[in-house]
Amino acid sequence: MIAAALVFLVVALYAGLLLSIRLRTAHEWVCPKCNRTAHLERLGRPEWMKKLAGFLPLKYIRCRFCQHTFFLPLDINNPLSNEMLEKGNY
Ligand SMILES: [Zn+2]
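So the number in the working numbering is just where the residue sits in the sequence shown, counting from 1, plus 26.
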């Protein structure tokens with residue numbers, strides 16, 4: 027009985043974690059907090075995220091202007107960067 031309660035607790039916590047990641051995921055190259063596009067930088071994902079939800083195709087972005095951090099899908103790239111041109115897939 028206690029084991030079942032523990033399993034339920036872990037599953038609930040994990041669902042909450044995934045939901046909080048989902049809520050912090052933006053869908054375009056804009057800071058959701060201050061709406062700026064020019065101050066965003068990509069960071070390595072936090073350790074907890076790599077361990078618990080490393081399968082999610084998300085990148086971790088920080089806004090240098092307001093320090094807000096959020097996630098973006100991998101296929102959304104910085105429109106101001108020439109990274110795509112350098113890779114040759116334009
Ligand atoms: Zn911002």
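Where a beta carbon is used, it is the ideal one built from N, C-alpha and C, also for glycine.
Check	Outcome
Sequence-distant residues of the same chain with beta carbon closer than 7 Å to residue 102, five excluded per side	54 and 55
Residues bridged to residue 51 [DSSP beta-bridge criterion]	97
Contact under 9 Å by Cβ, residue 100 with residue 84	yes
Heavy atom of ligand 1 within 8 Å of residue 50 beta-carbon	no
Close-in-space but distant-in-sequence residues of the same chain around residue 47 (CB under 8 Å, 5 per side omitted)	75, 79, 82, 84 and 97
Residue 28, buried or exposed, once every other Cβ within 10 Å from all chains shown has been counted against 16	exposed
Range of the contiguous alpha helix (DSSP H) that encloses residue 78	73-79
Within 9 Å, strictly: CB atoms of residue 58 and residue 52	yes
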